[in-house]
Amino acid sequence: MKKKSFYQVTRDRYHKAAEIMDLKADVREILSEPKNVIRVHFPVRRDDGKLELFRGYRIQHNNILGPYKGGIRYHPQVSTDEVAALAAMMTFKCALVALPLGGAKGGVQVDPHSLSETEHMRLTRRFTHALGTNIGATYDIPAPDLGTNARTMNWMMDTYSNTVGFAGRELHYGVVTGKTISCGGSLGREKATGQGLVFLVEEWARLNKFDLADSTYILQGFGNVGSNAARLLNQSGARCIAIMDHRGAITNPKGLPVHDLIRYSNETKSIVGFDGSEPISKEDLWSIEADIAIPAAIENQIDEEVASRMRVKLVAEGANGPLTPEGNQVLVDRGVDILPDLLANAGGVIVSYFEWTQNKNNDRWDLEEVDAKLKKRILRSYQAARAAQARHKTNIRIACYIVACERLQAAYDDRGIFP
Ligand code: NAD
Numbered sequence: 125m126k127k128k129s130f131y132q133v134t135r136d137r138y139h140k141a142a143e144i145m146d147l148k149a150d151v152r153e154i155l156s157e158p159k160n161v162i163r164v165h166f167p168v169r170r171d172d173g174k175l176e177l178f179r180g181y182r183i184q185h186n187n188i189l190g191p192y193k194g195g196i197r198y199h200p201q202v203s204t205d206e207v208a209a210l211a212a213m214m215t216f217k218c219a220l221v222a223l224p225l226g227g228a229k230g231g232v233q234v235d236p237h238s239l240s241e242t243e244h245m246r247l248t249r250r251f252t253h254a255l256g257t258n259i260g261a262t263y264d265i266p267a268p269d270l271g272t273n274a275r276t277m278n279w280m281m282d283t284y285s286n287t288v289g290f291a292g293r294e295l296h297y298g299v300v301t302g303k304t305i306s307c308g309g310s311l312g313r314e315k316a317t318g319q320g321l322v323f324l325v326e327e328w329a330r331l332n333k334f335d336l337a338d339s340t341y342i343l344q345g346f347g348n349v350g351s352n353a354a355r356l357l358n359q360s361g362a363r364c365i366a367i368m369d370h371r372g373a374i375t376n377p378k379g380l381p382v383h384d385l386i387r388y389s390n391e392t393k394s395i396v397g398f399d400g401s402e403p404i405s406k407e408d409l410w411s412i413e414a415d416i417a418i419p420a421a422i423e424n425q426i427d428e429e430v431a432s433r434m435r436v437k438l439v440a441e442g443a444n445g446p447l448t449p450e451g452n453q454v455l456v457d458r459g460v461d462i463l464p465d466l467l468a469n470a471g472g473v474i475v476s477y478f479e480w481t482q483n484k485n486n487d488r489w490d491l492e493e494v495d496a497k498l499k500k501r502i503l504r505s506y507q508a509a510r511a512a513q514a515r516h517k518t519n520i521r522i523a524c525y526i527v528a529c530e531r532l533q534a535a536y537d538d539r540g541i542f543p
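Below is the structure:
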């Protein structure tokens, strides 16, 4: 049987939730397709002087709750299907965590590891220019994702300010979030996705009377989400016993020194070859017995075969869509708990919202304030999802979509459908 596309899988999850909570037919129809699909082609000069044409996307799924919001991804796999799936997930994620924001996603089809720093900058500036007024601080607000970072966001903000923003002579910090502090970023944004995930894992441990001290975990992806989650989870005494990135995988049953590994990976662009670790195959990582698995790389990583080999109690989804539907089913049947992506990686967009709010008000919050507000919002959302799970006798992933659909339905009910 042909495997379903990522977008189809996302739609299936949404439709299942819509069915269970009896989402009204009109709203169901509107949310089943993205509002705008923008595809651009733009040239970038490589360092060797050659000109290359790149393809970029911005897909705006829904904005009934507020301006479109979602990351920009640089990855060779970027396609209409992938970006549409991620854009729809952003609509439901923002609704789940009760943010006044809609859902969008963007990306460029490129291997980020093939770009020098200057090529990354030129590509970002041309992509931002190509998007033009399709983004804006009150319309659509991008953020970092796979293959992009705070500097990418600085260049987007700067390019936008010097092109679209130039005519109005206005400050345009709020056009993107996830910037560095010097360029209008928020304290706590860089670690926010990992921090949100760790707040949830701690809450899961509390609810299940599980002691995180001396527990073990395995990790896929050691970028923004993976490395921050590891750094923060280790503070509760948990040990990371194996990590995989795009180049390979390593293990140390006694625990990998995460801070040293972050330094090493920043220097060498990979975790492979780290002193004090044994190399293992990527496939073998998933068979290692541990308490928790954190997939924090890309989608469709844990299928039926991988799931049947896993020996963990909890899967906390740092990445978007890391489990295939079949992989998900195997884990559910085996009684493995799941903290689903919609909730588990929502810390990023929550603190992006805080950054946007600070930019709007020309304000600066301290780190304690950001962390406290993040914790409160993400744990409240976890509680809402668990309540919906109990109310509708479903799994927590579908329950997250149900909470989101209830909020979207309420907005359409109160506002009506134009005209
Ligand atoms: P990143 O580019 O900083 O890091 C990605 C990591 O994944 C790298 O270590 C890379 O080597 C690894 N990786 C890539 N392809 C791989 C493969 N095929 N096998 C194994 N490892 C691979 O990206 P990020 O920002 O940490 O994002 C990771 C995931 O988290 C994505 O799914 C993204 O959508 C999701 N996410 C990110 C944020 C955020 O704030 N950055 C927020 C929410 C969700």
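With my numbering applied, the sequence shown covers 125 to 543. Quick reminder that beta carbons are idealized off the backbone N, C-alpha and C, glycines included.
| query | result |
| --- | --- |
| Completely contained beta strand (DSSP E) runs for the region 447 to 529, where each covers 3 or more residues | 461 to 463 |
| Cutoff 6 Å; reference HIS88; Cβ partners in own chain excluding five residues on either side | Because the chain spans 125 through 543 in this model, residue 88 falls outside it and cannot be assessed. |
| GLN344: CB within 7 Å of a non-hydrogen atom of the ligand NAD | yes |
| Through-space distance from VAL221 to ARG501, alpha-carbon basis | 7 Å |
| Meets three-Cβ-pair contact criterion under 8 Å: the region 331 to 339 and the region 517 to 528 | no |
| Near the ligand NAD: MET368 beta-carbon under 7 Å from a heavy atom | yes |
| THR301 beta carbon near the ligand NAD (any heavy atom closer than 7 Å) | no |
| Inter-stretch contact (C-beta, 8 Å, three-pair minimum) for the region 204 to 222 and the region 237 to 248 | no |
| Start-end ranges of the beta strand (DSSP E) lying completely within the region 277 to 339, minimum 3 residues | none |
| Three-way DSSP call (helix, strand, coil) for LEU210 in this model | helix |
| Inter-residue Cα distance where the pair is ARG313 and GLY472 | 7 Å |
| Three-state secondary structure (DSSP) of TYR198 | strand |
| Rounded separation between ASP415 and ILE541 - CA only | 47 Å |
| Residue range of the alpha helix (DSSP H) that includes VAL151 | 149 to 155 |
| In chain order, each beta strand (DSSP E) run of at least 3 residues that lies wholly inside the region 353 to 380 | 363 to 368, 373 to 375 |
| Whether GLU391 touches MET145 by CB criterion (8 Å) | no |
| Residue burial classification, ASP495 (beta-carbon count within 10 angstroms, cutoff 16) | buried |
| HIS237 burial status per 10 Å Cβ neighbour count (16 or more: buried) | exposed |
| Residues bridged to GLY260 [DSSP beta-bridge criterion] | ASP264 |
| Three-state secondary structure assigned by DSSP to PHE178 | strand |
| SER240 versus ASP171 - alpha carbon distance | 8 Å |
| CB contact flag (PRO191, THR262, <8 Å) | yes |
| Test item: CB-CB of ILE386 and SER351 under 8 Å | yes |
| Residue from LYS393, LYS126, TYR198 whose Cα sits closest to the Cα of LEU270 | TYR198 |
| Of the residues ILE474, GLN482, GLY260, the one placed nearest SER505, counting alpha carbons only | ILE474 |
| Segment contact, 8 Å Cβ cut-off, at least three pairs: the region 408 to 426 with the region 445 to 458 | yes |
| DSSP-derived helix/strand/coil call for GLY350 | helix |
| Inter-stretch contact (C-beta, 8 Å, three-pair minimum) for the region 372 to 384 and the region 394 to 410 | yes |
| Spatial distance of ASN485 from GLY308 (CA atoms) | 11 Å |
| Contact test: THR448 Cβ vs the ligand NAD heavy atom, cutoff 7 Å | no |
| Spatial distance of GLY230 from GLU143 (CA atoms) | 29 Å |
| Heavy atom of the ligand NAD within 7 Å of VAL349 beta-carbon | yes |
| Beta-carbon spacing of TYR297, ILE259 below 8 Å | no |
| Other residues of its chain near GLN513: CB distance less than 6 Å, five sequence neighbours each side excluded | ILE520, ALA523 |
| Best match in ALA470, GLY256, PHE478, ALA417 for proximity to GLU493 [C-alpha to C-alpha] | PHE478 |
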